[in-house]
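Visitor: Supplied in structure tokens, the structure appears directly below.
Dropping the structure here:
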């Protein structure tokens, strides 16, 4: 791992694939959506490669892989997904090993933390609450908080502003090129976990400042 700059005051975390394994619930919602539309559902492992750029992109990828759709069909699919995911959100989602110890350690060091995700706010808040992670984050930036979402740097810059830290005092931790590109564009270092989704792209092929097999591995490089 490359040496991180001293003086870090904040860590920004991606959600799906970094803190939480939410694929079972996302796949179930996609399954129900496709069945409702009269289309064959995709395997869970296929859905895993679709996750990363937000809900609308997930739905679009499901439809494109199933033969495509016109605008009306896409809108119907989005509505179906929203309804089904609202029901199953958090049912089978699990916190990855090492996440809670890492967040607790950072909180104990006085580190400011934000969750920066492309998931819509209607699902982000309930999921953080249900998994017990909400208290760790002073700020949450969701996929529809701003006009732009990752890989655009705006969500990261917004999180830093709300946390009251300079961009150079923050670190991004994620699982995909979305996170790496957003961090690079924002001007902050980025660490990627090796266990996430990464949209089917090998994580070790993405330019970053280090790879983590567990979030606890970041602790020696951050703070006192």
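In the numbering used here, the protein residues as written are 2 to 225.
Backbone N, C-alpha and C define an ideal beta-carbon position, used for all residues, glycine too.
Nearest by alpha-carbon distance to residue 195: which of 189, 25 and 205 is it?
Guide: Taking the first residue of the chain shown as 1, we reach residue 195 at position 194. Ranking the options by Cα distance to residue 195, first place goes to 205.
Visitor: In whole angstroms, give me the CA-to-CA distance for residue 99 and residue 174.
Guide: Residue 99 sits at position 98 when you count from the first residue of the chain shown. Residue 174 sits at position 173 when you count from the first residue of the chain shown. Going by the C-alpha atoms only, they are around 14 Å apart.
Visitor: Where residue 66 and residue 7 are concerned, what is the direct C-alpha to C-alpha distance, given to the nearest angstrom?
Guide: Counting from one through the chain shown, the residue named residue 66 turns up at place 65. Counting from one through the chain shown, the residue named residue 7 turns up at place 6. C-alpha separation (whole angstroms): 45 Å.
Visitor: Rank 53, 60 and 78 by C-alpha distance to the C-alpha of residue 200 and give the top, closest one.
Guide: Against the chain shown, residue 200 aligns to sequence position 199. The closest CA to that of residue 200, considering only 53, 60 and 78, is found on 53.
Visitor: Taking residue 81 and residue 34 to be in contact with their CB atoms under 8 Å, please state how far apart those CB atoms are, rounded to whole angstroms.
Guide: Working through the chain shown from its first residue, we reach residue 81 at position 80. Working through the chain shown from its first residue, we reach residue 34 at position 33. Their Cβ separation, rounded to whole angstroms, is 4 Å, which keeps residue 81 and residue 34 in contact under 8 Å.
Visitor: Let's see if you can read the secondary structure: which residues bound the alpha helix (DSSP H) around residue 101?
Guide: Residue 101 sits at position 100 when you count from the first residue of the chain shown. It spans 100 to 109 - the alpha helix (DSSP H) in which residue 101 sits, taken as one unbroken run.
Visitor: Considering only C-alpha positions, which residue in the set 127, 69 and 191 is nearest to residue 152?
Guide: Indexing the chain shown from 1 puts residue 152 at position 151. That would be 191, whose Cα lies nearest to the Cα of residue 152.
Visitor: Decide if residue 23 is buried, meaning its Cβ has at least 16 other Cβ atoms within 10 Å, or exposed.
Guide: Position 22 of the chain shown, counted from the first residue, corresponds to residue 23. Label assigned to residue 23: buried.
Visitor: Could you name the residues that DSSP lists as bridge partners for residue 213?
Guide: Here residue 213 corresponds to residue number 212 of the chain shown, with the count starting at 1. Beta-bridge pairing links residue 213 to 194.
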